[in-house]
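Undergrad:
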Amino acid sequence: MVIKWAPIAKQNLQDIYQFYLPETGRKKALEIVQTIKDEARYLLISPGVGQYEMIDNRQTAYRYIVKRHWKLYYTIENNYIRIAFVWDTRQDPQRLRCLLK
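Under our numbering, the letters of the sequence shown match residues 16 to 116, in that order.
1) Please report the distance separating the alpha-carbon of L28 from that of E54.
2) Along the chain, which unbroken stretches of the alpha helix (DSSP H) at least 4 residues long are found entirely within the stretch 34-86?
3) Quick check: the Cα distance between R56 and I18, rounded to an integer number of angstroms?
4) Nearest-angstrom Cα distance between K145 and K25?
5) So the candidates are V64, K42 and D30; which of them puts its Cα closest to the Cα of I91?
6) Between L59 and M16, which are expected to be in contact by the criterion C-beta below 8 Å, what is the C-beta distance as a whole number of angstroms?
7) Using a Cβ-Cβ cut-off of 8 Å (strictly less than) and excluding sequence neighbours within five positions of T50, which residues of its own chain qualify?
8) Kindly identify the DSSP beta-bridge partner or partners of R105.
9) Have a look at the DSSP bridge pairing and note the partners of L96.
10) Rounded to whole angstroms, what is the Cα-Cα separation between R97 and P22?
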């Protein structure tokens, strides 16, 4: 099994990096992004560890794991784990509902 990052998830990581870069510097911003990527690798050991997001009428059954202020939403496909997006839990939850539909 391998991990595949969806384009929006890759963009989320880039956005996180850009957000932290001015205040923390390049090294710390990269460290934050790497921490999120490292957490995703744990899914290779136990893909079913994530909780299901309980949203009515969702089209996709997303699971998520939490690392600090971020939720990594993912799906388990045939031979891979697809990281769909990375969510900062300090954002407006209504935006999350739109992403999950």
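Yeah, the Cβ is synthetic: ideal placement off N, Cα and C, and Gly gets one too. None of the values given here were measured: they were computed from a predicted structure.
TA: For this structure:
1) 13 Å
2) 41-56
3) 7 Å
4) Since the first residue of the chain shown is 16 and the last is 116, residue 145 is not available in this structure.
5) V64
6) 6 Å
7) K82 and R83
8) The partner list for R105 (beta bridge, DSSP) is empty, contrary to what the question assumes.
9) The sequence given here places Ile at residue 96; Leu does not occur at that position. I18 and I91, per the DSSP bridge assignment.
10) 10 Å
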